[in-house]
Every structure is written in structure tokens, then in C-alpha cells.
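Add 868 to a position in the sequence shown, counting from 1, and you land on the number used in our numbering.
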Amino acid sequence: MVEIEEEMIECECCGMSEECTPKYISRVKAFFCGKWVCGLCSEAVKEQVRKNPAASLQEALESHMALCMKFHRTIRANPKLSFASSMRDIAKRSSQRRTSNSFFGVKMEESQAAALGLISRSTVPRFSETFASCWGAYELQTKDCHVWKFVGDVKQFMNTALSARY
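This is the structure we're talking about:
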């Protein structure tokens, strides 16, 4: 019986360790510009190249490595803060879509959009009440945007938000 020599190597993107043969390691490094990339990250890089043919493999690899580094610095370090930030971004995008006052490229007043059912004036107050009731949040309004200041618990927010009827 022939024993195959394997060594432990760590992905330079995500940090996951794998046992691989030296021959396989050298093939992967040759393909990915001298960097060891695990199977999951290699598929992500290849997918980026497929989606954007103008980007080189080197650019896709650097982009994926930057994404992994950002993940390790933010999400892994403080998942609750990251979750709250994601919820804020989702709410912001959703609010921007709802309050858009154009329909098929035609500009209209907010009252016209509400009459057509494109936006709901009651959405923002209920959304505001949900945040206020579960986070003790308060809203800072400027002319163009709403900024929320949160003080509270993410789990409590999710339970309240999921039970709220919009």
C-alpha cells in the first residue's frame, strides 16, 4: 500500500484549512497567481470572472480576498452590529423604492403616486412605530433623508418587526 503525502494548507482568502497533496497545491497556486485558494473561494472567483468577462482572474481574486477580509473584520468580529447595519441598509433601500415618485419614467407628485397605489403614506409611520416600540429608537429628520438612532436589542427588534402587520 502506497501512502500519499498530504500537508495542511490554509486558504489565503477565507482562512479555511485543508489537507491536500503537494502536487494539487502547486496546481492551484499556479492557476491562482501564486495564491492558495480553497475550493469554495476558487468557485467564487471563477463565478466573478464568468459574470464580468472584462475582469482578469487577478482582479477577481483580489476582489474576493478584499471581501473576505472585510467579512473577517466586521461581521465575524461583531455579528450583532453587522446585522443591525444590514437591517438599516435593507430598510433604507426599501424606503427609497417606496417613496420613488416616478412610474415608468414619468414624474408625478407624491399624492398622485399614493392615489395609484405605488406608495403608501402609512408605511413610514408604522415602520417608525415598530422601531420606536422595540428599540426605543428615535428619528432624526433632515430635508432629504431619515436617520435612525437605535438603542436596543437585535433579537427584540426582529421579534417585534416580524410580528408587526404592515
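Quick reminder that beta carbons are idealized off the backbone N, C-alpha and C, glycines included.
Beta-carbon proximity check, residue i vs residue j, cutoff 7 Å
| i | j | result |
| --- | --- | --- |
| C882 | C909 | yes |
| Q916 | A934 | no |
| S950 | I958 | no |
| C906 | E875 | no |
Own chain partners of residue i with C-beta closer than 8 Å, once the 5 adjacent residues on each side are dropped
| i | result |
| --- | --- |
| W904 | I877, E878, C879, E880, I893, V896, K897 |
| S990 | Below a pLDDT of 50, predicted positions are generally treated as unreliable, and S990, at 46, falls in that range; no measurement from the model is reported. |
| Q926 | C901 |
Cβ neighbour criterion (16 or more within 10 Å) applied to residue i
| i | result |
| --- | --- |
| H940 | exposed |
| V913 | buried |
Whole-Å CB distance - residue i paired with residue j, under 8 Å assumed
| i | j | result |
| --- | --- | --- |
| E873 | P890 | 7 Å |
Same chain, Cβ closer than 6 Å to residue i, five either side skipped, listed in chain order
| i | result |
| --- | --- |
| P921 | none |
| M884 | C906 |
Cβ neighbours of residue i in the same chain (closer than 7 Å, five flanking residues each side left out)
| i | result |
| --- | --- |
| G973 | For G973, the predicted model reports a pLDDT of 49, less than 50, meaning its position is unreliable and no value from the coordinates is stated. |
Worksheet item: Where in the segment 883-967 do unbroken runs of the alpha helix (DSSP H), each at least 4 residues long, occur, reported from the N-terminal end onward?
Response: 890-899, 907-919, 925-941, 947-966
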